[in-house]
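Here is the structure we will look at, set down as structure tokens.
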Amino acid sequence: MELGELSLQGGADTSDIGSEPQGEVIVERDYSLGTIPRFESHFPQQLQGRVSHEEFEHTLSTINGFFFDSENLTAAQCLESLFGCLTFYTYYLCCDAKYTKNMKRLSAFLESENNRVYKPAGFLVLNPLSNGLLYILDFRRVADRGGVTRSAENSKDV
1 MELGELSLQG GADTSDIGSE PQGEVIVERD YSLGTIPRFE SHFPQQLQGR VSHEEFEHTL
61 STINGFFFDS ENLTAAQCLE SLFGCLTFYT YYLCCDAKYT KNMKRLSAFL ESENNRVYKP
121 AGFLVLNPLS NGLLYILDFR RVADRGGVTR SAENSKDV
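With UniProt numbering, the residue at position 140 of the sequence shown is 140, and numbering never jumps.
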């Protein structure tokens, strides 16, 4: 770690146990509709003045849409799974499953949203697959106003 960098994964002051690390904004998973990955739509106070409510809502609704589309059981997905079983799963060596396609689209979407909205505001939205879908939007501070940059080396960039 170079001088001026602060890792969000550790090394921070732990005297205030139970509070989230400085520079990290977490949007929790919403279990009210069952097990389909869906995330709470409340606007975090830490984003106030840096990201508009509309941009945040667009990001959140699009992410929720990707997961709903991936988890929604259709006849085409049933046939795809059946064909995968009948071919001893060699079908998946040449073709991606619908879930895999949607997760690739999600990664591309998060990368574009980071470049367009969140990086200019000083945040980085991490892919929810990197934390097991426990919380979806892990906004990491990229840089503070005082010029102290924060390291995202332990967090996989989307």
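The C-beta atom is built at its ideal place from N, Cα and C for all residues, glycine as well.
- When Cβ pairs closer than 8 Å are counted between the two stretches, the region 75-89 is seen not to touch the region 57-65, the count staying below three.
- The three-state reading of DSSP puts residue 47 in helix, counting H, G and I together.
- Scanning 94, 55, 95, 101 for the CA closest to the CA of residue 115 turns up 55.
- Straight-line spacing of the CA atoms in residue 30 and residue 100 works out to 22 Å.
- Per the DSSP secondary-structure output, residue 105 pairs with nothing in a beta bridge.
- Between residue 102 and residue 43 a beta carbon distance of about 25 Å is seen, past the 8 Å cut, so the two are scored as non-contacting.
- By alpha-carbon distance to residue 96, the top candidate from 121, 70, 120 is 70.
- Residue 131 places its beta carbon 8 Å or farther from that of residue 110.
- Counting every other CB atom within 10 Å of its CB across the protein chains shown gives residue 124 a total of 16 or more, marking it as buried.
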